Amino acid sequence: IAFHQLKKISTTDLILDLPDDALPFKLQTDASEDGIGAVLLQITPNGDRPLAYMSKKLTKTQTNWPTIEQECYAIVQAIEKWDKYLRGHEFILETDHEPLVHFTNKEQLNKRCERWRLKLAEYRFKVKHIQGKNNNMADYLSRSPAEIAEEDIEERTQYESASTQTDLSFSSSNKNLIPLKITTAITRAQAKLQQ
């Protein structure tokens, strides 16, 4: 049986399809002790077709997170990466981590997962549990992460600074307003890449 499955996989067209907004999307995610992985699929009459893959190595800090946080992180990273395809569309999210089945409709006890749940509230998706053997693409990608590990900056830092005012056309009624300057922290790895 394994030989026939391998033969079928090796002779099947593995080319990524182009997305079709008329067809539903499916997202499969997974996390392992090394990384996270995800695959964006299109549900077609001929079966699910891959549109894109994602694989990312976890940082040393992230490898110490509980499993549920790593699994939630995989979901958040995948949805943010493929936002342009998923925003405004109802889609199915498949995970082999059963505690996440109620991720969208139940407050999470884990504070980090709850923050992520609220962050993803604007998306319309249903979480479906699948067996690990049916999540093989995302599983493989999580166990063989392609991207280097980087600390993610979850939130941008906002601060008020009178010295950063650039709009000199304040009217006298708005003289107490101070514009916000939004900055993004850059890791050493990102700084090296920019050089």
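Position one of the sequence shown corresponds to residue 100 (this note's numbering), numbered consecutively onward. C-beta: ideal position from N, C-alpha, C; glycine also. Since we're looking at a predicted model, the values are computed, not measured.
How would you call residue i, buried or exposed, if buried means at least 16 neighbouring beta carbons within 10 angstroms?
i	result
E170	buried
I114	exposed
A177	buried
D238	buried
L208	exposed
N234	buried
T263	Summary for T263: the model assigns pLDDT 37, below 50, so the residue's position carries little reliability, and this model does not support an answer.
Return the CA-CA distance between residue i and residue j, expressed in angstroms with no decimal places.
i	j	result
R148	V200	23 angstroms
E213	T203	10 angstroms
Y152	G136	8 angstroms
S245	K156	Looking at the sequence provided, one finds Ala at residue 245 rather than Ser. So the two alpha carbons sit approximately 7 angstroms from each other.
K210	F190	25 angstroms
D116	E206	36 angstroms
Q161	N145	38 angstroms
For residue i, collect the residues of the same chain with a Cβ closer than 6 angstroms to its Cβ; drop the 5 residues on either side in sequence, then sort them by chain order.
i	result
M236	V138
I174	T128
W181	L139
Going by C-alpha to C-alpha distance, which of the options sits closest to residue i?
i	options	result
G134	P144, W164, D119	W164
R242	L150, L217, Y172, S131	S131
R186	A220, G231, Q161	A220
Looking only at its own chain, which residues have a Cβ that is under 8 angstroms from the Cβ of residue i, when we skip the five neighbours before and after it?
i	result
I229	Q127, E193, T194, D195
H188	D120, P123, F124, R223
K218	V175
Excluding the five sequence neighbours on either side, which residues of its own chain have a C-beta within less than 7 angstroms of the C-beta of residue i, listed in chain order?
i	result
P118	Q141, L150, Y184
P71	As shown, the chain starts at 100 and ends at 294. That puts residue 71 outside it, with no answer to give.
Identify every residue that forms a DSSP beta bridge with residue i.
i	result
G136	D129, S154
K225	I191
Q141	F124, R148
Answer yes or no: the CB of residue i versus the heavy atoms of the ligand FMN, is any distance below 7 angstroms?
i	result
Y184	No copy of the ligand FMN occurs in the structure displayed, which carries no ligand at all.
Check the Cβ-Cβ distances between residue i and every residue of chain D, and say whether any is below 8 angstroms.
i	result
I142	In summary, chain D is missing from the structure at hand, where a single protein chain is found.
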